[in-house]
Every structure is written in C-alpha cells, then in structure tokens.
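*Asks:* Residue numbers (my numbering): 122 to 507.
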Amino acid sequence: MRSLMRTFLATIFSLCAACFVISCSTHSPSDRSTTDDEFGEVPALWLSYAGKADMPHIVLISGDEEYRSEEALPQLAKILSTHHGFRCTVLFAQDPAAPGIVDPNYVHNIPGLDLVASADLMVLFTRFRALPDEQMQHIDDYLKAGKPVIGIRTSTHAFRFEGTDMSSSFAHYGNFYDGGDEWQDGFGRLVLGEKWISHHGHHAHQSTRGWAAPGAADHPLLNGIDHGDIWGPTDVYGVRLPLPGDSQPIVLGQVVDRAGTFDEADPLLGMAPTDKSPALPVTTTQNGQTVEVDLNVPMMPITWTKTYQIPEGKPGKAVTSTIGASVDLLEEGTRRLLVNAAFWLLELKVPLEANVDLVGTYEPSRFAFYEDEYWDKKQLTVQGLK
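1) For glutamine 327, report the span of its beta strand (DSSP E) as first-last.
2) Specify, as a first and last residue, the run of the beta strand (DSSP E) that threonine 477 falls within.
3) In the DSSP output, what is tryptophan 352 paired with across the bridge?
4) Determine which residues share a DSSP beta bridge with phenylalanine 280 and list them.
5) Can you tell me whether aspartate 497 is helix, strand or coil according to DSSP?
6) CB aspartate 356 to CB threonine 329, shorter than 8 Å?
7) With H, G and I counted as helix, E and B as strand and the rest as coil, what does DSSP make of serine 146?
8) How would you call phenylalanine 249, buried or exposed, if buried means at least 16 neighbouring beta carbons within 10 angstroms?
9) Would leucine 236 and threonine 277 be called neighbours here (beta carbons separated by less than 8 Å)?
10) Taking just the CA atoms, how far does tryptophan 332 sit from isoleucine 444?
11) Let me know if proline 335 comes out buried or exposed under the rule of 16 or more other beta-carbons within 10 Å of its beta-carbon.
12) For my contact list, glutamine 369 and threonine 426 are in at a C-beta cut-off of 8 Å; report their separation, rounded to the angstrom.
13) Label glutamine 305 either buried or exposed according to how many other C-beta atoms from any shown protein chain fall within 10 Å of its C-beta, with 16 as the threshold for buried.
14) Going by DSSP in three states, leucine 324 sits in which element: helix, strand or coil?
15) Assuming serine 183 is part of the alpha helix (DSSP H), what are its boundary residues?
16) Give the straight-line distance between the Cα atoms of threonine 285 and lysine 173, rounded to the nearest whole angstrom.
17) Check whether the Cβ atoms of alanine 214 and serine 239 lie closer than 8 Å to each other.
18) From the DSSP output, which residues share a beta bridge with methionine 421?
19) Let me check one thing: in DSSP terms, what residues is arginine 361 bridge-paired to?
20) Using 8 Å for Cβ pairs, my map puts leucine 458 next to proline 485. What's the rounded Cβ distance?
21) Please look up how many angstroms separate the CB atoms of phenylalanine 246 and threonine 275, rounded, as I've assumed it's under 8 Å.
22) With DSSP collapsed to three states, give me the class of tryptophan 465.
23) Evaluate contact between the segment 484–503 and the segment 215–227, counting only Cβ atoms and requiring at least three cross-stretch pairs below 8 Å.
24) Would you kindly report the start and end of the unbroken alpha helix (DSSP H) that includes threonine 443?
25) Using C-beta distances below 6 Å, list every residue in its chain close to aspartate 367, excluding the 5 sequence neighbours before and after it, in chain order.
26) When the Cα atoms are used, what is the spatial distance from phenylalanine 207 to glutamate 413?
27) Nearest-angstrom Cα distance between aspartate 478 and valine 448?
28) Do proline 472 and asparagine 344 count as a contact pair if the criterion is CB distance below 8 Å?
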C-alpha cells in the first residue's frame with residue numbers, strides 16, 4: 122500500500138515541483154533551495170553552495186539505500202566549493218508526501234533534476250532508481266548534449282525499471298535491460314562502462330586498497346596520490362574484463378583482509394586504513410570442481426575513464442569510481458581522486474596536490490540497508506545536511 126501511494130504521489134509532486142521552481146524564479150540559484158512565501162517557509166529540497174560566479178556548476182545527485190550518498194555528496198560539494206570555488210548543487214531522494222525530508226528508500230523522486238540543464242558536470246551516486254519520465258528526461262537531455270559525468274559506486278546500477286509497476290519511456294536505462302541494442306545492460310554499461318556484476322570479496326569484511334593501473338601512474342587523476350593512498354572499507358566490485366570501448370583503467374582495487382575484529386558499531390566495521398594484508402586465496406566450487414581463487418589475480422579496476430555516446434547524442438567523457446561511499450571519503454587519497462576527476466572532466470588544469478581537507482564536522486554513518494521505518498523516524502532534513 123505504501124508503495125502504491127508513493128507512486129501516485131510522485132506524479133502529483135512532479136507537477137507541484139514545477140510550480141515551486143516557477144514561484145522561485147525571482148530568487149538567485151542559491152536561494153532556490155529554500156525560500157519563504159506568503160504561506161510560510163518552504164522546506165529546502167536541495168542544497169546549493171555558491172562558490173565563485175565564474176566557476177563551473179556541478180550538480181551532484183544522491184539516492185542510494187546503502188552507501189550513504191546523502192552524506193558523501195554534500196561533503197564532496199563543500200570541498201569542491203570551499204577549496205576550489207565550484208558552484209555546487211546537491212539533490213536528494215524524497216517522498217513527495219514529505220518534501221524536504223531525505224528518504225533514500227524512496228526510488229521514484231529526486232526533486233531539482235531540472236537543474237541538471239545548467240550543469241557543466243553531473244556527479245551521479247544513485248542506486249536502482251525508477252524515476253518518472255519528466256525527471257529522467259533531464260538526465261537524458263544532459264547525456265545527449267555529451268556533457269561530462271562522474272559515476273560513483275552504485276551509479277553502475279543507477280536505474281532499475283524492471284520489476285516495478287510503473288511504465289517508463291526510459292526502461293532502457295535500467296541495469297537489467299536486455300533489448301539487444303546499444304542500451305544492452307543499461308546506462309551503467311553504455312555510459313559508465315559497466316553495470317552491476319558482483320561483490321568481489323567478502324562484503325563488509327574486506328576493504329579496498331587502490332593502486333595505479335599499469336601505465337596510469339602519471340595520469341592527472343592521480344595527481345598528488347601515491348600508491349596505496351586510496352582506501353575504503355567498502356569492498357571491490359567485480360567487472361567484466363576488458364572494459365568496453367576506450368575505457369582506460371586508472372586505479373586497480375586490491376582486496377584487503379582486516380587486521381582487527383568485526384565491530385558493527387564502528388563506521389568502518391573494524392577495518393582500518395592501516396590494514397595491509399592482501400586477501401588470501403579462497404576455496405570455492407566452479408562447474409562442480411573445487412578450485413582455489415585469488416581475488417587479486419587479476420585486480421579489478423575501481424576507477425576508469427571512458428568516452429560515451431548515447432543514441433542521437435554527442436560524444437562525452439565519463440569517470441567511474443566504484444569507491445566513494447561516505448565512509449570512503451574519510452581517506453584523503455579517495456577524496457583527492459574524486460576532486461581530480463572533476464577538474465579533469467571540466468578540462469581544467471588538475472592541481473598537483475588539490476586541497477581536499479574535510480569541511481566542517483564529518484562523521485559518516487556505516488554503510489547498511491535500513492527499513493522504511495528507520496527513515497520515517499529519523500526525519501533527516503535536506504537543510505540538516507548542509
């Protein structure tokens with residue numbers, strides 16, 4: 122019942138959101154996220170960071186149930202804006218029945234996607250979203266223009282329309298799309314280079330250490346980053362090798378065993394940046410045979426570059442990073458990788474050692490799935506994430 126009601130309300134809210142944007146048209150972009158009108162205060166539906174007027178506009182889109190993109194992207198936006206002057210807007214998943222309240226489990230609505238039209242760079246960190254056509258159209262238009270994209274973690278499976286009760290003109294974006302055409306395997310494969318395949322290692326028990334891929338040590342994405350500087354407690358994702366087209370692996374992910382004990386109360390789950398031991402080979406069954414598998418032979422790419430071109434669109438560039446959850450951003454090297462990617466995609470000179478200091482208090486939650494009741498009780502406001 123809650124799902125049906127939410128789907129109905131998503132349609133109603135889309136119309137209301139359009140009216141909201143029009144009503145705010147006399148305000149500056151930084152004011153559109155929260156305004157007052159004759160009926161009282163309108164809740165913030167997105168966050169804006171002013172930056173410098175002559176700098177590019179970056180729109181960061183959150184909306185995943187597990188890796189706390191609603192925490193990661195505001196911090197990334199603050200780093201990009203405060204230290205480097207980029208103008209940033211961060212969008213969030215919200216139930217239309219509760220505007221201004223972040224609800225990562227609500228997959229049918231991300232207010233403010235019309236702002237993508239003014240973006241010079243789109244940063245996508247969503248998972249299995251089934252957005253209405255009018256919202257998907259803004260993303261489709263952006264990609265047809267051939268503008269740059271950073272895809273983080275679950276963005277390889279950013280959309281999913283299969284198995285839902287909604288009809289969509291953008292079903293081909295879905296992770297499980299099997300149409301046998303250019304969109305085979307959906308947005309993840311065509312634009313970013315891969316869809317959801319697998320966890321490569323023991324999820325929540327083995328971490329990821331980033332190493333420069335062969336021939337990539339001098340790539341601008343790795344400016345200021347030494348071997349091993351990139352780390353996160355989220356595990357490596359499996360991908361199909363080789364990656365398609367002109368994909369160029371930049372960082373390979375070493376599966377690392379924990380040195381400490383599992384601690385559910387710890388945001389890092391007992392793992393630590395000081396963990397150094399590569400994962401030991403594991404025994405498994407393949408085709409009825411018992412075999413020993415070394416997860417680090419070969420190591421999976423966790424960051425790569427790729428050009429893309431969707432049907433009827435212009436060519437564009439993408440950087441995909443399967444590391445970048447909120448807890449991953451506690452590590453300086455991981456933050457620097459994403460900041461470098463923004464400069465590189467915007468065709469700006471990548472700093473030799475970008476300032477990626479955390480801005481304000483940053484205490485990310487551990488990655489996990491939570492029931493709807495958790496978010497209903499939490500009442501996490503957009504404005505509270507600023």
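The beta-carbon is built from N, C-alpha and C at its ideal position, and this holds for glycine as well.
*Replies:* In short:
1) Annotation: the continuous beta strand (DSSP E) that includes glutamine 327 extends over 327–333.
2) Here the sequence assigns valine to residue 477, which means threonine is not the residue at that position. From DSSP, valine 477 is part of no beta strand (DSSP E); its letter is neither H nor E.
3) Arg330.
4) In the DSSP assignment, phenylalanine 280 is bridged to Arg250.
5) Of the three classes helix, strand and coil, the one that applies to aspartate 497 here is helix, per DSSP.
6) A contact, by the Cβ cut-off of 8 Å.
7) The predicted model places serine 146 with a pLDDT of 32, which falls under 50 and marks its position as unreliable; any figure quoted below should be read in that light. Three-state DSSP puts serine 146 in coil, outside helix and strand.
8) The residue is buried, with at least 16 neighbouring Cβ atoms inside 10 Å.
9) In this structure, leucine 236 keeps its C-beta atom at 8 Å or more from the C-beta atom of threonine 277.
10) Those two C-alpha atoms are separated by around 12 Å.
11) Looking at its Cβ environment, which holds fewer than 16 other Cβ atoms inside 10 Å, proline 335 is exposed.
12) Confirmed, about 5 Å.
13) Label assigned to glutamine 305: exposed.
14) At residue 324 the sequence reads histidine, which differs from the leucine that was named. Secondary structure of histidine 324 (DSSP, three-state): coil.
15) That residue, serine 183, is in no alpha helix (DSSP H); its beta strand (DSSP E) goes 178–184.
16) Roughly 42 Å separates the two Cα atoms.
17) The answer is no: Cβ separation not under 8 Å.
18) Under DSSP, methionine 421 forms a beta bridge with Gly374.
19) In the DSSP assignment, arginine 361 forms no beta bridge with any residue.
20) The pair is not a contact, with the Cβ atoms about 17 Å apart (cut-off 8 Å).
21) Rounded, the Cβ-Cβ distance is 7 Å, consistent with contact.
22) Correct three-state label for tryptophan 465: helix.
23) Put simply, the segment 484–503 touches the segment 215–227. At least three CB pairs are less than 8 Å apart.
24) Note, threonine 443: premise wrong, no alpha helix (DSSP H); not H, not E.
25) These residues qualify, in order along the chain: Thr428.
26) Rounded to the nearest angstrom, the two C-alpha atoms are 48 Å apart.
27) The straight-line gap from Cα to Cα measures roughly 15 Å.
28) Yes, the pair counts as a contact, with Cβ atoms nearer than the cut-off.
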